[in-house]
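Residue 7 is where the sequence shown starts when you use our numbering, and the numbers rise one by one after that.
Virtual Cβ for every residue (Gly too), placed ideally from N, Cα, C.
Remember, it's a predicted structure, so these values are computed and weren't measured experimentally.
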Amino acid sequence: MNRCRPFSTPSLLITADGSHTLYLQEWDETYHSRHGALTESLHVFIQHGFYYPEENPVRILEVGFGTGLNAWLTAIEAEKSKKKVFYHAFDDYPLDRVVIASLNYPSLPHGKGHESLFFRIHEAPWNETVALSPFFDIQKT
């Protein structure tokens, strides 16, 4: 899925915790907190999202797939906890492969052993549900 972006390619920024975020100059907006992309995603999406409900399976709707960081961290936690996740993400303007490859998430300590999962999430086809593991299904629309 390659839709024409109404803005330029985002710039790569290093946040306070050493993880990357992307910056859109036209909107003066970052994809994640400048205080720490990884820290933000772990706090909001994992600690107060993934682990908050008692339900199994967990169904997640993300509006704005973006860098895929939230999906990737969720997939890692699903494997660790053996909790089944159905993850549906929307994004009108998916990132280019070159931008995805420049992100440092897989090289961070939290990503050790899960590097290939990050790229498998991004390589999963759009508009179909893909089982990336027994515990994580994703659909990107």
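(request) Closer than 7 angstroms by C-beta to N62: which residues in its own chain qualify, once you throw out the five before and the five after it? Chain order, please. (result) Close CB contacts of N62 within its chain, under the 7 angstroms cut and outside five residues either way in sequence, are with K89 and K90 (chain order).
(request) Look at the alpha carbon of L48 and the alpha carbon of G42, and state the distance between them as a whole number of angstroms. (result) 10 angstroms
(request) Under 8 angstroms by Cβ, that's how I've got H116 and L44 pegged, so tell me the actual separation to the nearest angstrom. (result) 6 angstroms
(request) Would you mind giving the Cβ-Cβ distance between T147 and F96, rounded to the nearest angstrom? I have them listed as a contact below 8 angstroms. (result) 5 angstroms
(request) Given a cut-off of 7 angstroms, decide if I144 and H128 are closer than it, judged by their beta-carbon atoms. (result) Taking 7 angstroms as the Cβ cut-off, H128 and I144 do not qualify as a contacting pair.
(message) Restricting to Cα atoms, I'd like to know which of G72, Q53 and T36 is closest to R103.
(response) G72
(request) Return the bridge partner residues of D143 from the DSSP annotation. (result) F92 and A137
(request) Look at the Cβ atom of F124, then the Cβ atom of Y111, and state whether they are nearer than 7 angstroms. (result) yes
(request) Determine the extent of the beta strand (DSSP E) in which H26 is found, giving its start and end residues. (result) H26 to L30
(request) From the DSSP output, in three-state form, read off T36 for me. (result) In the structure shown, T36 sits in a strand (DSSP, three-state: E or B).
(request) Report all residues from its chain with a CB closer than 7 angstroms to the CB of W78; omit the five preceding and five following residues, and keep chain order. (result) Y111, L123, F124 and I127
(request) Using beta-carbon positions only, say whether I82 and H120 come within less than 7 angstroms of one another. (result) yes
(request) Could you say which of S17, F142 and D23 lies nearest to Y37 if we only look at CA atoms? (result) S17
(request) Go ahead and pull the three-state DSSP assignment for L44. (result) Helix, per DSSP.
(request) Report, in whole angstroms, the separation of the C-beta atoms of S39 and E32, which I expect to be a contact under 8 angstroms. (result) Not quite, the Cβ-Cβ distance comes to about 19 angstroms (not below 8 angstroms), so this is no contact.
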